[in-house]
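There are 2 protein chains.
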Amino acid sequence: MKISHVSEQWGIPVDTLRYYERIGLLPAVNRSESGIRDYSELDLRRVEFIKCMRNAGLPIEVLSRYMDLVQQGDSTIEARKDILIRQRGQLAARMAEMQKTLDLLNHKIEVYEQKILEKEQVIHQLQMDEWENEHYAI
Amino acid sequence: MKISHVSEQWGIPVDTLRYYERIGLLPAVNRSESGIRDYSELDLRRVEFIKCMRNAGLPIEVLSRYMDLVQQGDSTIEARKDILIRQRGQLAARMAEMQKTLDLLNHKIEVYEQKILEKEQVIHQLQMDEWENEHYAI
DNA sequence: GCTTGACTTAGAGCTAACTCCAAGTATTAC
DNA sequence: GTAATACTTGGAGTTAGCTCTAAGTCAAGC
Numbered sequence: 034m035k036i037s038h039v040s041e042q043w044g045i046p047v048d049t050l051r052y053y054e055r056i057g058l059l060p061a062v063n064r065s066e067s068g069i070r071d072y073s074e075l076d077l078r079r080v081e082f083i084k085c086m087r088n089a090g091l092p093i094e095v096l097s098r099y100m101d102l103v104q105q106g107d108s109t110i111e112a113r114k115d116i117l118i119r120q121r122g123q124l125a126a127r128m129a130e131m132q133k134t135l136d137l138l139n140h141k142i143e144v145y146e147q148k149i150l151e152k153e154q155v156i157h158q159l160q161m162d163e164w165e166n167e168h169y170a171i
Numbered sequence: 034m035k036i037s038h039v040s041e042q043w044g045i046p047v048d049t050l051r052y053y054e055r056i057g058l059l060p061a062v063n064r065s066e067s068g069i070r071d072y073s074e075l076d077l078r079r080v081e082f083i084k085c086m087r088n089a090g091l092p093i094e095v096l097s098r099y100m101d102l103v104q105q106g107d108s109t110i111e112a113r114k115d116i117l118i119r120q121r122g123q124l125a126a127r128m129a130e131m132q133k134t135l136d137l138l139n140h141k142i143e144v145y146e147q148k149i150l151e152k153e154q155v156i157h158q159l160q161m162d163e164w165e166n167e168h169y170a171i
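Residue numbers (the numbering used here), protein chains in the order written: chain A, 34 to 171; chain B, 34 to 171.
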């Protein structure tokens, strides 16, 4: 699969895909005779993994380290697990912070809705007054 | 309250507090005669709000726009509500993405734990074999 | 009155993560 | 065969959000 296809399929710019490869986050992708990238199934699974992790804000440096360990084989399983556990903790912490913010946003939006309702009632009252002035004035 | 105190209390570097003020995110803080910042109760509430929102990744530009509208008074209530609703949506979307990543991390960690267990069993088996060789060999 | 340390400013520098550019080669459509 | 399009590279440029520096002022302690 060519880079443009991968880019479309996963919604990742071609520049970014090449960038990931250049910095060693994505292991070297196989090329055709003329040097054009041909993404294998394994490459695609890696791309998907990286995309998922980057989406959640895991730093490239950490992911690079993890991918290196994967390349080194089974002796690095514990180290890999440690990385994932640490990142999971940080992710959960960030999500907890975001939940607090979400709660605050919900509260503030409710307050605004209340204020808007009150404003509308005032306008309605004013309109009623006007109507009465027009039609029932002596 | 002086800037260093605010910084300690809220865990925000003094440079960042000054930066927020410089770019207009935090409205100008009152100064002593000699020009030293003296944060009011209102300033502190603003700092807390900004900290909470920034923690969740809301962009400074959006927060600046929101703070400007607050300064302009009640006529901007609808616009402010719209901003908060839009940001709430984006925040919820980010959190959903992060939840997916968290699920994947949990799954991968489980798999690693399983692998480690298997490895230990193999080692244990090897030790048993050795023990048997040593003690029960003919 | 002098030192120490907190404060001030404008502006430069830094980091992460892309994103774009120029110049060149290869493939595809007609 | 030629034009248009897609690919390649190395390296420069961009963005958001700080973070640091230099040079100076001010207040408190000894």
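For glycine and all other residues, C-beta sits at the position ideal for the given N, C-alpha and C. The model shown is predicted, which means the values in this text are computed figures rather than measured ones.
Quiz item: What are the residues of the segment 91-114 of chain B that lie near chain A, defined by any Cβ-Cβ distance shorter than 9 Å?
Solution: Going along the segment 91-114 of chain B in chain order, one finds L91, D107, I110, E111, R113 and K114 with a Cβ nearer than 9 Å to chain A.
Exercise. With 9 Å as the C-beta to C-beta threshold (strictly closer), list the residues of the segment 40-64 of chain B near chain A in chain order.
Key: Contact residues of the segment 40-64 of chain B toward chain A are absent (C-beta to C-beta distance below 9 Å).
Quiz item: Taking Cβ positions, are C85/A and L50/B nearer each other than 8 Å?
Solution: Residue mapping note: residue 85/A aligns to position 52 of the first sequence, counting from 1. Residue mapping note: residue 50/B aligns to position 17 of the second sequence, counting from 1. No, Cβ-Cβ distance for C85/A and L50/B is not below 8 Å.
Practice problem: Report, in whole angstroms, the separation of the C-beta atoms of N88/A and T134/B, which I expect to be a contact under 8 Å. | Solution: Against the first sequence, residue 88/A aligns to sequence position 55. Against the second sequence, residue 134/B aligns to sequence position 101. About 6 Å separates the two Cβ atoms, so the contact holds.
Quiz item: When we look at the beta-carbon of Q158/B and count the other beta-carbons within 10 Å, is it buried (16 or more) or exposed?
Solution: Translated into positions along the second sequence, residue 158/B becomes position 125. Q158/B should be labelled exposed.
Quiz prompt | Under 8 Å by beta carbon: chain A residues contacting L135/B | solution = The residue you call residue 135/B lines up with position 102 of the second sequence. At a beta-carbon threshold of 8 Å, the residues of chain A lying near L135/B are A89, R121, L124, A125 and M128, ordered along the chain.
Quiz prompt | Residue nearest to G90/A in terms of C-alpha spacing, selected from R121/A, I56/A, S37/A and W43/A | solution = Walking along the first sequence from the start, residue 90/A turns up at place 57. Relative to G90/A, the option among R121/A, I56/A, S37/A and W43/A whose CA is nearest is R121/A.
Quiz item: Does the Cβ of K35/A have 16 or more other Cβ atoms within 10 Å, making it buried, or fewer, making it exposed?
Solution: For the purposes of this step, residue 35/A is taken as residue 2 along the first sequence, with counting starting at 1. So K35/A ends up on the exposed side.
Practice problem: For the alpha helix (DSSP H) containing N88/A, list its first residue and its last residue. | Solution: Looking up residue 88/A in the first sequence gives position 55. Annotation for N88/A: the continuous alpha helix (DSSP H) segment containing it runs E74 to N88.
Quiz item: Do the CB positions of R55/A and R64/A come within less than 8 Å of each other?
Solution: As a working note, residue 55/A is residue 22 in the first sequence. As a working note, residue 64/A is residue 31 in the first sequence. Going by C-beta atoms, R55/A is not nearer than 8 Å to R64/A.
Exercise. Provide the residue span of the alpha helix (DSSP H) that contains E94/A, from first to last.
Key: On the first sequence, position 61 is the one that residue 94/A refers to. Start and end: I93 to Q104.
Exercise. Taking C-beta pairs closer than 8 Å, name the residues in chain A that I83/B reaches, listed in chain order.
Key: For this step, residue 83/B is matched to residue 50 along the second sequence. Within 8 Å Cβ-Cβ: nothing; I83/B doesn't reach chain A, min ~11 Å.
Quiz item: What's the call for L117/B, buried or exposed, on a 16-neighbour Cβ count within 10 Å?
Solution: The count along the second sequence starts at 1 and reaches residue 117/B at position 84. Under a 10 Å Cβ-count criterion, L117/B is classified as buried, with 16 or more other Cβ atoms of the shown protein chains found around its own Cβ.
Self-check item: Where the alpha helix (DSSP H) through D48/A begins and ends
Solution: In the first sequence, the residue the question calls residue 48/A occupies position 15. Under the DSSP assignment, D48/A falls in the alpha helix (DSSP H) whose first and last residues are V47 to R55.
Exercise. Taking V103/A and R113/A to be in contact with their CB atoms under 8 Å, please state how far apart those CB atoms are, rounded to whole angstroms.
Key: Translated into the one-based positions of the first sequence, residue 103/A becomes position 70. Translated into the one-based positions of the first sequence, residue 113/A becomes position 80. About 7 Å separates the two Cβ atoms, so the contact holds.
Quiz item: Roughly how many angstroms lie between the CA atoms of D48/A and L58/A, to the nearest whole one?
Solution: Here residue 48/A refers to the residue found at position 15 when the first sequence is read from its first residue. Here residue 58/A refers to the residue found at position 25 when the first sequence is read from its first residue. Approximately 14 Å, taken between the alpha carbons.
Exercise. Output yes if chain A places a C-beta closer than 8 Å to the C-beta of L138/B; else output no.
Key: Taking the first residue of the second sequence as position 1, residue 138/B is located at position 105. Yes, L138/B counts as interfacial toward chain A.
Self-check item: Residue environment, I83/A, which counts as buried when at least 16 other CB atoms sit within 10 Å
Solution: Residue 83/A sits at position 50 when you count from the first residue of the first sequence. With 16 or more other CB atoms across the displayed protein chains lying within 10 angstroms of its CB, I83/A is buried.
Exercise. Starting from I36/A, follow the alpha helix (DSSP H) in both directions and report where the run begins and ends.
Key: In the first sequence, the residue the question calls residue 36/A occupies position 3. Here the alpha helix (DSSP H) through I36/A covers I36 to W43.
Quiz item: Looking at C-alpha atoms only, which residue of E94/A, A125/A, E66/A and Y53/A is the closest neighbour of V80/A?
Solution: For the purposes of this step, residue 80/A is taken as residue 47 along the first sequence, with counting starting at 1. If we check each option's Cα against that of V80/A, Y53/A comes out closest.
Quiz prompt | Identified DSSP bridge partners for R64/A | solution = Numbered from 1 along the first sequence, position 31 holds the residue referred to as residue 64/A. Answer is R70/A.
Practice problem: Kindly indicate which three-state DSSP category L135/B falls into: helix, strand or coil? | Solution: Numbered from 1 along the second sequence, position 102 holds the residue referred to as residue 135/B. Reduced to three states, the DSSP call for L135/B is helix.
Practice problem: Could you give the DSSP three-state label for L58/A: helix, strand or coil? | Solution: As a first step, residue 58/A is located in the first sequence; it is residue number 25 there, counting from the start. L58/A: coil per DSSP, three-state reduction.
Practice problem: Could you work out which residues of chain B lie near I156/A, taking near to mean beta carbons separated by less than 9 Å? | Solution: As a working note, residue 156/A is residue 123 in the first sequence. Ordered by position in chain B, no residue passes the 9 Å Cβ test against I156/A, which lies about 13 Å from the chain.
Exercise. For chain A, find out if any of its Cβ atoms is closer than 8 Å to the Cβ of L117/B; answer yes or no.
Key: Translated into positions along the second sequence, residue 117/B becomes position 84. For L117/B, a Cβ of chain A is located within less than 8 Å of the residue's own Cβ.
Practice problem: Flag H142/B as yes if its beta-carbon sits less than 8 Å from any beta-carbon of chain A, otherwise no. | Solution: To locate residue 142/B, count along the second sequence from 1; it is residue 109. For the sequence presented, residue 142/B should be read as Ile rather than His. Using a CB distance cut-off of 8 Å, I142/B counts as an interface residue toward chain A.
Quiz item: Just how far apart, CA to CA, sit Y145/A and E130/B?
Solution: Within the first sequence, the letter at position 112 stands for residue 145/A. Within the second sequence, the letter at position 97 stands for residue 130/B. The alpha-carbon separation between Y145/A and E130/B amounts to approximately 28 Å.
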